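For the sequence shown, the residue numbers in the numbering used here are 6 to 283.
Let me begin by presenting the structure, written as structure tokens, before commenting on it.
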Amino acid sequence: MFLKEHHQRGHGRKKWPRFIILAFALAAGCTSYFTFCRIHTKTANVPREKSAAVTASKPASASESQKPANPGRTLISVPHLSQEGVLPTGCELVSAMMLLNYYGCSTTADEIIKRTPKSSLLSDGNAVYGMSPNQAFIGDPRSGDGLGCYAPVLTAVVDSYFWEGGKKEAANLTGTDLDALARDYIAKGSPVLIWATVDMGEPGIGKSWTLADTGGNFQWIAGEHCLLMVGFDSEKYYFNDPLDSGGAVSYRKSLVEDRYRALGKQAVTVRSVSRTST
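Okay, structure coming up:
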């Protein structure tokens, strides 16, 4: 599976340079402070030219490709946000913002970046080191050179917005089939974040690096993309795509299933906190 961290065989674990370990320890710890959406809405302290708001798109006009005449279609109305011109490689964060907004939790690009653990790829002259995207966002989401993050990171970020209220929580649904997500969540009014590829294109071989904490090798999947799943019918799945300024897009089910599987069947949603009687 692409998401697993494969350890090199045949040699003992390499002793990593101290500056590498310190750098990633600081990166992981710098975002331990979170604020709550209901009591704090200030943006992060960044230069003004980098604190532009993520733009809301107008509802997509009805078209045969987006809204076929299908009485069996289920489509959740979620306001669309575009990452274009603001977070070029922050599809995960903008998709999460759409999910949060749906549940009445207003946030900004600056605020969600502040809550997200981040890590850069560093070199000691011989090898490139980094954290796993299961641990942190790799690179800068404001830069075209950023990579992204995986479900465990986004689950923690989304969950941080609900800590104070205690009535909802983020849930990592990785491993769940798309038809089950449609039946158990979309059909019941709960949008779901999923990982696939840009425009459902063929996944490619991206950058690779050595994991600073384990010494294993990590291979990034080129074309990785995160979208918000909002609907389905007998033939297609529907998404709010942060890279598509038009709003909702749809793809045939078999294609989405292939791309979803290539990215490790990662999915995140928001659900009510289950309480057991005492």
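The C-beta atom is built at its ideal place from N, Cα and C for all residues, glycine as well.
None of these values were measured; they are calculated from a predicted model.
### Query
Which first and last residues belong to the alpha helix (DSSP H) in which Ile191 is found?
Counting along the chain, Ile191 falls outside any alpha helix (DSSP H), and DSSP gives it neither H nor E.
### Rounded separation between Gly228 and Ala192 - CA only
29 Å
### Query
How big is the Cα-Cα spacing for Ser302 and Phe223?
What is shown of the chain runs 6 to 283, which leaves residue 302 out entirely.
### Message
By the three-class DSSP mapping on this structure, what secondary structure does Lys173 have?
### Response
strand
### Query
Which value, in whole angstroms, describes the spacing of the CA atoms of Leu80 and Met234?
9 Å
### Query
Of all the options Asn106, Gly221, Lys212, which has the alpha carbon lying nearest to the alpha carbon of Asp150?
Lys212
#### Entry: Min CB distance Gly153 to chain D below 8 Å
The structure shown contains no chain D; it holds only a single protein chain.
### Message
Whole angstroms are fine: how far does the CA of Leu127 sit from the CA of Ser148?
### Response
16 Å
### Query
Who are the Cβ neighbours of Thr181 in its own chain at under 6 Å, not counting the five residues just before and after it?
Ala272
### Query
In the region 79 to 159, which residue ranges form an unbroken beta strand (DSSP E) of at least 3 residues, counting only runs that do not cross its ends?
133 to 135
### Query
Taking three-plus beta-carbon pairs below 8 Å as touching, is the region 258 to 268 in contact with the region 201 to 208?
yes
### Task
For the beta strand (DSSP E) holding Val275, just list the boundary residues, first then last.
272 to 277
### Message
I'd like the list of long-range same chain contacts for Phe39, defined as Cβ closer than 6 Å, with 5 residues on each side in sequence excluded.
### Response
Any reading at Phe39 must be qualified, since the residue scores a pLDDT of 37, below 50, and its modelled position is unreliable; no value is offered.
### Task
Reducing DSSP to helix, strand and coil, say where Ser259 ends up.
helix
### Message
Can you give me the C-alpha to C-alpha distance between Met103 and Leu216, rounded to a whole angstrom?
### Response
31 Å
### Query
Any heavy atom of the ligand ATP closer than 7 Å to the CB of Met205?
In terms of ligand content, the structure shown is empty, and the ligand ATP therefore cannot be addressed.
### Query
For Asn238, which residues of its own chain have a beta-carbon under 8 Å away from its beta-carbon, when the five flanking residues on both sides are left out?
Note that residue 238 corresponds to Asp in the displayed sequence, not to Asn. The answer, listed in chain order, is Pro73, Asn75, Gly77, Arg78, Thr79.
### Query
Between Leu86, Tyr134, Pro122, Ser87, which lies nearest to Gly220 when the distance is taken from Cα to Cα?
Tyr134
### Query
If you draw a straight line from the alpha carbon of Val254 to that of Gly130, how long is it in whole angstroms?
44 Å
### Query
Under a three-way DSSP split, which group does Ser213 fall into?
strand
### Task
Express the C-alpha separation of Asn177 and Ala156 in angstroms, rounding to a whole number.
7 Å
#### Entry: Beta carbon of Lys172 nearer than 8 Å to that of Tyr108
no
### Query
Rounded to a whole number of angstroms, what is the C-alpha to C-alpha distance between Ser250 and Val278?
Approximately 33 Å between the Cα atoms of the pair.
### Message
What residue range does the beta strand (DSSP E) around Val235 cover?
### Response
229 to 237
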